[in-house]
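Below is one structure; the comments refer to it alone.
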Amino acid sequence: MSEGSNRIVRPAQNINGSVRLPGDKSISHRYAMLSAMASGTTKLDNFSAAADCRSTLDCMQKLGVQVRQNERHVEVDGIGMQLTAPTEPLDCGNSGSTMRMLSGILAGQDFESELIGDSSLTNRPMARIIEPLRMMGATVAGTSDSKPPLHVRGGKLKAIDYKPKVASAQVKSCVLFAGLFADGKTTIEEPVRTRDHGELALRAFGAEVERTQTRVSIAGGQSLKAIEAYVPGDMSSAAFFLCAASLFPEANLVLDNVLLNPTRAGILDILTLMGGRVSFLQVEQQQFELIGTIRFQSGKLKGARISGAQIANLIDELPVLAAIGPYTEEGIEIRDARELRVKESDRIGAGVKNLRAMGATVEEFEDGVRVPGGQKLHGAEVDSFGDHRIAMAFSVAGLKAEGETLIRGAEAVAVSYPSFYEDLERLVAG
Ligand code: S3P
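Sequential numbering of the sequence shown, starting at 896, is according to the working numbering.
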């Protein structure tokens, strides 16, 4: 099925079976960072297998922290709030989350560090974190257009009350992590509510965080305590299988121990509105996060218009929703999603090119796409554009196309989900 880094996807008959997803990437990053500064040894089960989270662990090791990993089990020996000056640049790989959130911690460290990344990350905007960290008193510099590499020289910080222009959970976590080192109460007020794993992880590690709907505050000078935790399965990875299942009338998919945090479960709401059926087989709270086992059965696939405040909670699921758009009855329209242009690839441009390669009619806007429904796609050569979510989205589109689809650069899936194709093959055969 694979040819070098390319992958062939053939039409499928059904999606059936259960899958245990890799640990949530957003939570894994945050636990890895906070555990480094905690007192004691943090023990994490089902830690994300993503290359991105490996980048975070590698950076924490370069900052003087002992990390032991045995497959999905990770142990981190915390060294307290002051980390050790790195002797080489901190390589964040493809991971914007690593670079943006770690910068918040480095802003509180009494040394200078350099953060570097791959060619995709080197093109991503960093002004969104440079601005608040400078306001707090850190010295932070990127290139002349505020892109990586970043140089961060930290120290004692001032508390700020900050309203970012973009809705970004990475920026929120960055500012809250820096707030741990500030003299007073740091507040961030989001334009719309984004995923809240930063706040919940801080609480899990023993910090006090206050919040209302869109304002979150943290007092400086708090210390963190190690935790033992199971990282819930990644809903953004599950989204590919949920969307695949929604294409087949007989589909039956069980997701074990998956993250059900309402700021991440927007995909369940959209698929339910389109006609799918979700049953909650078991739900509980662990480390302030909702986790559970769900069953998804397909029904109609009506279509949807997604815009405004819905975007933040579906941001990583938009490529796959666009990719199944042609197979829906009424189509998929996505607006107010300009942020997709500055993800691991330009996800609007990449999605439009691939949909057209597969024979779809699609309208492109600066802030989104309109994909009419009731279309048939044919297999074609499509490109991942080096972006894990584009590779997985078009693998899903290929399951219902006529003929074979070749995914160029399919190895990109390792950034968030190294075993994606093995798990997909099991569900297709199921
Ligand atoms: C993430 C936030 C989102 C998301 C990214 C992970 C996080 O990015 O796209 O994959 O873990 O906070 P933004 O903060 O840029 O919206």
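Heads up, the beta-carbon is just placed ideally off N, CA and C, and yes, glycines get one too.
Less than 7 Å separating the Cβ of residue i from some heavy atom of the ligand S3P?
{"i": "V1247", "result": "no"}
{"i": "H924", "result": "yes"}
{"i": "G1126", "result": "Checking the sequence, you will find Val at residue 1126 rather than Gly. No."}
{"i": "E1234", "result": "yes"}
{"i": "R1090", "result": "yes"}
{"i": "V1308", "result": "no"}
{"i": "A945", "result": "no"}
{"i": "I1210", "result": "yes"}
{"i": "V1066", "result": "yes"}
{"i": "S1014", "result": "no"}
{"i": "S1063", "result": "yes"}
{"i": "S913", "result": "no"}
{"i": "S1240", "result": "no"}
{"i": "S998", "result": "no"}
{"i": "S1008", "result": "no"}
{"i": "S1174", "result": "no"}
{"i": "S921", "result": "yes"}
{"i": "S1132", "result": "no"}
{"i": "S992", "result": "yes"}
Quick test of your reading: residue i and residue j, contact by CB under 8 Å. State the CB separation rounded to the nearest angstrom.
{"i": "A940", "j": "V1126", "result": "The residue asked about is misnamed: residue 940 is Asp in this sequence, not Ala. About 7 Å separates the two Cβ atoms, so the contact holds."}
{"i": "L1235", "j": "L1209", "result": "About 11 Å; that fails the 8 Å criterion."}
{"i": "M1031", "j": "L1052", "result": "4 Å"}
{"i": "F1100", "j": "M996", "result": "About 14 Å separates the two Cβ atoms, so there is no contact after all."}
{"i": "R1004", "j": "Q964", "result": "The sequence as given places Gln at residue 1004; Arg does not occur at that position. Actually they are not in contact, since the Cβ atoms of Q1004 and Q964 sit about 24 Å apart, beyond 8 Å."}
{"i": "A847", "j": "K1120", "result": "Here the chain covers residues 896 to 1325 and nothing more, so residue 847 does not appear."}
{"i": "Q1182", "j": "I1122", "result": "7 Å"}
{"i": "S1068", "j": "G999", "result": "7 Å"}
Where residue i and residue j are concerned, what is the direct C-alpha to C-alpha distance, given to the nearest angstrom?
{"i": "K1295", "j": "I1229", "result": "21 Å"}
{"i": "A944", "j": "E1225", "result": "36 Å"}
{"i": "R1110", "j": "Q1117", "result": "19 Å"}
{"i": "I1113", "j": "G1281", "result": "37 Å"}
{"i": "A1273", "j": "F1260", "result": "Note on identity: in this sequence residue 1273 is His, with Ala being the wrong assignment. C-alpha separation (whole angstroms): 24 Å."}
{"i": "S990", "j": "A1134", "result": "20 Å"}
{"i": "Q961", "j": "Q1065", "result": "25 Å"}
{"i": "D1056", "j": "V1104", "result": "14 Å"}
{"i": "F1006", "j": "I1186", "result": "38 Å"}
{"i": "R1023", "j": "N911", "result": "42 Å"}
{"i": "E898", "j": "I1302", "result": "At E898, the pLDDT of 45 sits below 50, so the modelled position is not reliable; the number obtained from the coordinates is stated separately. Approximately 10 Å between the Cα atoms of the pair."}
{"i": "S1132", "j": "T1158", "result": "15 Å"}
{"i": "S1290", "j": "L1176", "result": "28 Å"}
{"i": "S900", "j": "F1076", "result": "44 Å"}
{"i": "R1265", "j": "P1059", "result": "28 Å"}
{"i": "A1232", "j": "R1019", "result": "16 Å"}
{"i": "L1307", "j": "T1089", "result": "Per the sequence shown, residue 1307 should be read as Ala rather than Leu. Whole-angstrom Cα-Cα distance: 26 Å."}
{"i": "I1189", "j": "P1144", "result": "18 Å"}
{"i": "T937", "j": "I1025", "result": "30 Å"}
{"i": "R1048", "j": "A1033", "result": "6 Å"}
{"i": "D953", "j": "E1276", "result": "35 Å"}
{"i": "L1028", "j": "L1155", "result": "31 Å"}
{"i": "A1054", "j": "T1081", "result": "5 Å"}
{"i": "Q1205", "j": "V1215", "result": "15 Å"}
{"i": "S913", "j": "T951", "result": "29 Å"}
{"i": "S1279", "j": "G1115", "result": "42 Å"}
{"i": "M896", "j": "A1305", "result": "With a pLDDT of 40 at M896, under the threshold of 50, the modelled position of that residue is not reliable, and the figure given next carries that caveat. When rounded, the distance between both Cα atoms is 12 Å."}
Which of helix, strand or coil does DSSP assign to residue i?
{"i": "D1056", "result": "strand"}
{"i": "Y1125", "result": "strand"}
{"i": "N989", "result": "coil"}
{"i": "I922", "result": "helix"}
{"i": "R1023", "result": "helix"}
{"i": "E1259", "result": "strand"}
{"i": "V971", "result": "strand"}
{"i": "T1167", "result": "helix"}
{"i": "S913", "result": "strand"}
{"i": "G999", "result": "helix"}
{"i": "S1112", "result": "strand"}
{"i": "M896", "result": "Here M896 scores only 40 on pLDDT, less than 50, and its place in the model should not be relied on; the value that follows carries that caveat. Correct three-state label for M896: coil."}
{"i": "D1282", "result": "coil"}
{"i": "G1187", "result": "strand"}
{"i": "S1008", "result": "strand"}
{"i": "N941", "result": "coil"}
{"i": "K1248", "result": "helix"}
{"i": "N1147", "result": "strand"}
{"i": "K1080", "result": "strand"}
{"i": "S934", "result": "strand"}
{"i": "K1120", "result": "strand"}
{"i": "N1208", "result": "helix"}
*Are three or more beta carbon pairs between the region 921-936 and the region 1136-1152 nearer than 8 Å?*
Remark: fewer than three beta-carbon pairs, one from each stretch, lie closer than 8 Å, so the region 921-936 and the region 1136-1152 are not flagged as touching.
*Meets three-Cβ-pair contact criterion under 8 Å: the region 1244-1254 and the region 1316-1324*: The region 1244-1254 is not in contact with the region 1316-1324.
*asked:* Using a Cβ distance threshold of 8 Å, determine whether the region 985-996 contacts the region 964-974, with at least three qualifying pairs required.
replied: Contact fails: fewer than three Cβ-Cβ distances are below 8 Å.
*Would you call the region 1194-1207 and the region 1156-1174 touching, i.e. three or more CB-CB distances under 8 Å?*
Verdict: yes, contact present.
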